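Counted from 1, the sequence shown has number 73 at position 73 by the UniProt record's numbering; the numbering is strictly sequential. For each residue, glycine too, the CB sits at the ideal point set by N, CA and C. Treat the numbers as computed from the prediction; the structure is a model and nothing was measured. These notes concern the structure reproduced below.
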Amino acid sequence: MADINLVASQFTEFYYREFDSNRAGLASLYRSDSMLSWEGSPIVGANAITEKITGLPFSKVQHKVTTLDAQPSSPTISSLLVSVTGLLVVRSTPLCSVRNQRSPDRV
């Protein structure tokens, strides 16, 4: 099995790079049971999450990752649970806390 922390770090870098350049392109990463917490509000499902992130009123943002944790999510399927917390900074003012969890299908 690959180093899960390396995979989680690479996934996080990819996610935020796409977030900055093509938020709609992130839709394929979410499933109907995917969850995103945005400023304390839960958002469930690929469509709702995509609608939220594509509707954000800012285009330039700095990502400040506070924690990045990963663990296997299944003993039989090669998959991970990745949990990221941190801040999104628009201009120089922290906008909101971010908490994103994603379970990539394969490692």
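Taking the alpha carbon of residue i as the point to measure from, which residue in the options has its own alpha carbon closest?
i   : options           : result
Q62 : F19, I49, L68, L6 : F19
L26 : K52, A8, P42      : K52
K64 : V90, S78, S34     : V90
Let me confirm a value: residue i is counted as buried when at least 16 other C-beta atoms fall within 10 Å, else exposed. Which label applies?
i   : result
A2  : exposed
T12 : buried
V84 : buried
A24 : exposed
Would you verify that the beta carbon of residue i is, or is not, closer than 9 angstroms to some beta carbon of chain B?
i   : result
L88 : Absent here is chain B; the protein component of the structure consists of one chain.
Would you call the CB atoms of residue i and residue j closer than 9 angstroms?
i   : j   : result
P75 : L81 : no
N22 : A70 : no
L87 : T66 : yes
With DSSP as the reference, label residue i as helix, strand or coil.
i   : result
S37 : strand
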